[in-house]
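Notes to accompany the following structure.
4 protein chains.
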Amino acid sequence: MKLNYKVAIVGASGYSGEELVGLLLGHPHAELVAVTSRQYAGQTVAQIFPRFAGHPKAKVLRFTEPDAAALAKQAKVVFLALPHGVAAEFAVPLLKSGSVVIDLSADFRLKSAEVYKEFYAHDHPAPALLAKSVYGLPEVHRARLKKASLIASPGCYPTSILLPTIPLLKAGLIKPNSIIADSLSGVSGAGRKAEIDYLFCECNESVRPYGVPKHRHLSEIEEQLSLASGEKVTIQFTPHLIPVNRGILTTLYLAPEKHFSNATGAAALGEQIAACYQAAYADEPFVRVLEGKALPDTKNVTGTNVVEIAWRLDPRTGRLIVMSAEDNIVKGASGQAVQSMNIRCGFPETAGLV
Amino acid sequence: MKLNYKVAIVGASGYSGEELVGLLLGHPHAELVAVTSRQYAGQTVAQIFPRFAGHPKAKVLRFTEPDAAALAKQAKVVFLALPHGVAAEFAVPLLKSGSVVIDLSADFRLKSAEVYKEFYAHDHPAPALLAKSVYGLPEVHRARLKKASLIASPGCYPTSILLPTIPLLKAGLIKPNSIIADSLSGVSGAGRKAEIDYLFCECNESVRPYGVPKHRHLSEIEEQLSLASGEKVTIQFTPHLIPVNRGILTTLYLAPEKHFSNATGAAALGEQIAACYQAAYADEPFVRVLEGKALPDTKNVTGTNVVEIAWRLDPRTGRLIVMSAEDNIVKGASGQAVQSMNIRCGFPETAGLV
Amino acid sequence: MKLNYKVAIVGASGYSGEELVGLLLGHPHAELVAVTSRQYAGQTVAQIFPRFAGHPKAKVLRFTEPDAAALAKQAKVVFLALPHGVAAEFAVPLLKSGSVVIDLSADFRLKSAEVYKEFYAHDHPAPALLAKSVYGLPEVHRARLKKASLIASPGCYPTSILLPTIPLLKAGLIKPNSIIADSLSGVSGAGRKAEIDYLFCECNESVRPYGVPKHRHLSEIEEQLSLASGEKVTIQFTPHLIPVNRGILTTLYLAPEKHFSNATGAAALGEQIAACYQAAYADEPFVRVLEGKALPDTKNVTGTNVVEIAWRLDPRTGRLIVMSAEDNIVKGASGQAVQSMNIRCGFPETAGLV
Amino acid sequence: MKLNYKVAIVGASGYSGEELVGLLLGHPHAELVAVTSRQYAGQTVAQIFPRFAGHPKAKVLRFTEPDAAALAKQAKVVFLALPHGVAAEFAVPLLKSGSVVIDLSADFRLKSAEVYKEFYAHDHPAPALLAKSVYGLPEVHRARLKKASLIASPGCYPTSILLPTIPLLKAGLIKPNSIIADSLSGVSGAGRKAEIDYLFCECNESVRPYGVPKHRHLSEIEEQLSLASGEKVTIQFTPHLIPVNRGILTTLYLAPEKHFSNATGAAALGEQIAACYQAAYADEPFVRVLEGKALPDTKNVTGTNVVEIAWRLDPRTGRLIVMSAEDNIVKGASGQAVQSMNIRCGFPETAGLV
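See below:
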């Protein structure tokens, strides 16, 4: 195994960037050689993120101004933790220089520049790269990630919705256009931005929906679901902001292809669903399908790269309810990006993530 | 107007009971003459609830052991803030003695003792009273509340679900069996009970579904929806626990009777929905249908008796999304019970509630 | 009693301003005729503060650009909820026009323009007014407030420190220079400002000291303590930020003038302390000295204008520990300002505050 | 280095026990072979603590009834995470059987059975062992921990108070009897106990002092301070409960031996203090003395075994203010216990803790 791949992070000052710094400082096979931030240039990682001050490298590694050419020379793998639009601009020169780029923004998650424009309200800055990028959901695209030079790490909500639904869609167990996803996210999902809406007093003792009915993440969710089901899928998605730092809880309302209206019918269908999840996830290190009476709880997954999934059939309504919990910053962002790096670089997939 | 009706609270030690104490101490036309609690018998209201210590009566009013006969003599209106099953036992003698009983438990919310048993897992303690009780949702049953001797104050989740949906059902705008209700509740909804699950460290930085797929509140929700629509309604309902003290946010996914798939269709249907809510709630003091871009936020309603409602049509899916926010302890419990008292006693409906 | 004094608020968009809006909308003897905010000019109170939307006036009262001349014509009493430095500029023309000014900033709390400059780092904008202002702590300066034209409403920390200590100092029970005040404040104390430090994720699951060792509020605390004791007092004060919306809890470490080192000595001194507080606060509507085993808890006072105080003598160390709890936005800001208005205008002191 | 010491935890169901399970499952040199809990006997670690379900051992390791004889055979090191009083009973047979016992309760922290009885209100269950135990504060007692068979792991508050003060006392820089410690603790400090006081709704939006003025932890704090200073030390200590899951923030008010009253004096004394801390902690992996303007914040240390310390001299009062932050469950309990195990067993001191 190749040890000590040199890696860099562009835009390391937000919540995902900070988490990446922590994960990569502790990674057994990656060496963090550069972190950039216009805001913090010149200061050490230990000064900006006291939590990591105990790590020897944190005291010497200094934030620099972002410079794609310099980064390409320093690092084999470059993580982009930048706003959409900006990320693509950095990706272009890095890819030309031969770096592997793992982008945490939305810039390379879609195949269509038109859909991108519809949801992000500006022209795509590098449409030629869209065909090249691989959607960094390892449980679905592992094979292609092994050779990807441009990895588009999924959004936090999409991860919590796609992992529970894709196996069911692939197995033909649910009606593709029946999907309703109701999601609850911690405030870190909004990023480390100085906006009134995300002040402590505006979020604490508050819960509220937002982005109804057309949140940007719909674009990548629907593209991936369409890919899985083989037909164009349109879903309902409502995100809510809840007063926790981290965690996404998604509740999915699904219509099974097979009608059932009593316990017997539910039991029969239940066996198929259990088998479907078993086949999909029994060997996945970061997906935990709960058994018995257990239901997902974000506190069981925060700080980890795990998605918890549980499901219930309701014979009263004939619906399938699937619930998932994840850490929006880990499996929903930086942890999953590291998981993709592990796959791409030939490291053990769980390296630095357990 | 009749001033100074004497009122009492049985079981005043929980969160709803405490809120009732506060509302009734400050009520311009009610005189709180008795509060009972086995646990606190002998102590003053000021000692147990320091928040009310500034009220002159709080220093002299002492908790007593519950005694229906004594209460019936003392008070014209008796509020029961007791667990289901226990409440019914108190109601029987109080009603015989001529008191008006406003019960905050689930004991008198249903018309059918069988459905009660199905959802509450024990025989109904006083089935003969079920026909007599009036469901205390003033916006729906105001006329009957004026003469009710037994008022069954609605549950917190049901209030947040029924107020947004009943007008739409009555107007025939939505398909009755399409209703999916996804609700998020503050921890006070679990009551002041010493259970590990509701400890600070078990709830803080956590969000989790529970009672999936058959929560008890389904019984009263479906009975009321069936009443409104004229046919038997079965709905999907998923409650979640979120780390706030107070507040319920409900997101409803509804299928309109009228198909629409573009902005024009949405605009036409939107006019009907707006008119429907306008007709139902324009004059209601405690229902606020939001306009423009505003969406419900529990922090705008906690501590008040108001329900906020907003709705959106999604031309992509053809669905109607309706969202509501309320304080589970006020409009979802004690405030609504006082609102019913105001109606029953001929006080201004907003007395003591603004 | 004069009803319907017309009142205005300049700078009504922050937390104190919002609280003032709520208190004055509900006040039985004041009529809120103007609210200003550059940011929200043109919008109604109901739009900006949905919580108050149920009040009829909230739907018609619109924020305006601040204009001292116009305000002076409209309102008899003008509240200034502005940053220090800016407040003084508005006070000058308003006072000239004969308005009563109640300023919630620090601009008129000190008698010395030099001390102001030492602590606020700029020249005082209107030093001539300092002699004229009355420090709006009703329990201490009630008599002078009755005739004040310029009232400097105290800071949140100072209120929580002065009320527990001034009676002890006046009675000669404690050594003036022994005072150590350790205070914990909710995040609303930082104001509704878009700064990274006050984001939800930066405050939740965090507690931190700040402004050590020379916080600005020391200036007014020490001036008031010096006034009470008759000698120049210097104290130790450490504020901390804790993850609650509202509330200040202050723990005071004091050296009694009288030495004691056992239970007997403590009992004797305890009688004097109890008598001192009894004399000072038995008739005060907004100060609650706790008895028995009770200790202050912010949750008992948030949303009220009450300060809770408890004290303990420690025979092991010979120290007196006094603890206080208040709502930083109510008794620590807007509630206290309304209390001063009530006194100044001849209303019942508790009007609109219970 | 000896790998795979077998270790066990008695009483693994509380917050400290759960943290120990996590730390020991991930420890490179310890093998967790037994966990006991009357309540959970028969269930797997993965079932009770879903957070650890990803660890292969968590699925097979089952809680057992506590049985000292069996444990002594299984494990070389036994951690006791039991209530005081109960812990001592288990320690006796384990020590006889040759196990190393690391006790997280208060049972072996004091040298005097009389002081124990004064503070814990019952006779010590095994007074003969008191002389044998070593107080498990590695930064102070490292040498003796290397050979200890009975390690009394310190309390959470004591750790946050002793680490900042002991070097100053040893260097003669502060007056021993001047110490005032004002501490703020997260709710996990109260343990996973089903009590009303620690319910979410009783703690959220609340801050309160408790145990004033004689908290139990005073006994071990004063014993350790007396040991460090060579004279009997009595201190003031006030704990407060704040709404965070984890973290203790302590603010210490100290009187330097050397008088100073201006910046020059402060600078001179400051050099001595800086040198004192530098000598004590420059090489300590888990103590971080902050530089520049940084002040401790619990969010920088939660989830780690680190204590952050900062200090300020106040020329206005002549006092030294020292502040510390730690995770009460890690450095204040389980992490420190593992640190002691590492020392005792000859593992690298940071093993399993970074």
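Protein chains in written order, with the numbering used here: chain A, 1 to 354; chain B, 1001 to 1354; chain C, 2001 to 2354; chain D, 3001 to 3354.
Beta carbons are placed, not taken as given, at the ideal position from N, Cα and C, and that holds for glycine.
As the structure is a prediction and not an experimental result, all values here were calculated from the model.
Give the residues of chain C in contact with residue i, contact being defined as C-beta atoms less than 9 Å apart.
i	result
residue 243 of chain A	2200 and 2204
residue 1285 of chain B	2054
Can you check DSSP and say which residues form a bridge with residue i?
i	result
residue 135 of chain A	A:152
residue 1253 of chain B	B:1180 and B:1321
residue 314 of chain A	A:319
residue 185 of chain A	A:241 and A:248
residue 2208 of chain C	C:2241
residue 78 of chain A	A:8 and A:101
residue 3326 of chain D	D:3248
residue 1174 of chain B	B:1256
residue 440 of chain A	Since the first residue of chain A shown is 1 and the last is 354, residue 440 of chain A is not available in this structure.
residue 3336 of chain D	According to DSSP, residue 3336 of chain D bridges with nothing at all.
Note down, in chain order, every chain B residue with its Cβ under 8 Å from the Cβ of residue i.
i	result
residue 3195 of chain D	1194
residue 240 of chain A	1184, 1249 and 1251
So residue i contacts chain B; which residues on that side make the cut at Cβ distance below 7 Å?
i	result
residue 2300 of chain C	1050 and 1051
residue 344 of chain A	By Cβ distance, chain B contributes nothing, its closest Cβ being about 32 Å from residue 344 of chain A, past 7 Å.
residue 236 of chain A	1253, 1314, 1317 and 1319
Cβ closer than 8 Å: which chain D residues qualify as neighbours of residue i?
i	result
residue 288 of chain A	3050, 3053 and 3054
For residue i, go through chain A and note every residue whose CB falls closer than 8 Å to its CB, in chain order.
i	result
residue 2188 of chain C	201
Could you name the residues of chain C that residue i contacts, counting a contact when the two beta carbons are closer than 8 Å?
i	result
residue 3247 of chain D	2205, 2206 and 2207
Please compile the residues from chain B whose C-beta is within a distance smaller than 9 Å of the C-beta of residue i.
i	result
residue 2354 of chain C	1026, 1054 and 1055
residue 2294 of chain C	1047 and 1050
residue 212 of chain A	1251, 1295, 1310, 1312, 1314, 1321 and 1323
residue 180 of chain A	1180, 1182, 1253, 1317 and 1319
Since I believe residue j is in contact with residue i (beta carbons under 8 Å), could you give me their beta-carbon distance rounded to a whole number of angstroms?
i	j	result
residue 327 of chain A	residue 287 of chain A	In fact, because the Cβ distance is near 13 Å, the residues do not count as touching under 8 Å.
residue 295 of chain A	residue 1115 of chain B	Actually they do not touch by this definition, with Cβ atoms about 25 Å apart.
residue 1354 of chain B	residue 1331 of chain B	Rounded, the Cβ-Cβ distance is 13 Å, inconsistent with contact.
residue 188 of chain A	residue 246 of chain A	5 Å
residue 15 of chain A	residue 191 of chain A	6 Å
residue 1093 of chain B	residue 1126 of chain B	So it is not a contact: roughly 10 Å between Cβ atoms.
residue 37 of chain A	residue 63 of chain A	4 Å
Mind listing the chain A neighbours of residue i? Cutoff is C-beta to C-beta under 7 Å, in chain order.
i	result
residue 3176 of chain D	Chain A residues near residue 3176 of chain D: none, gap ~31 Å exceeds 7 Å.
residue 3306 of chain D	54
Applying a beta-carbon distance threshold of less than 7 Å, which residues of chain C neighbour residue i?
i	result
residue 1035 of chain B	None at all; the shortest Cβ gap to chain C is about 18 Å.
Verify the contact flag: residue i, CB atom, against every heavy atom of the ligand SAM, threshold strictly below 6 Å.
i	result
residue 1222 of chain B	The ligand SAM is not among the ligands present in this structure, which contains no ligands whatsoever.
- Query: Closer than 7 Å, Cβ to any Cβ of chain B: which residues of the stretch 2038–2064 of chain C, in chain order?
  - Reply: 2050, 2051, 2053 and 2054
- Item | Contact residues within the stretch 1010–1028 of chain B, judged by C-beta distance below 8 Å to chain D | 1015
- Query: Of all the beta strand (DSSP E) runs that stay within the bounds of the stretch 279–308 of chain A, which reach a length of 3 or more residues?
  - Reply: 287–289
- alpha helix (DSSP H) segments (min. 4 residues) lying fully within the stretch 2027–2069 of chain C: 2045–2048
- Task: With 8 Å as the limit, tell me which residues of the stretch 139–155 of chain A have their beta carbon closer than that to any beta carbon of chain D; keep them in chain order.
- Result: none
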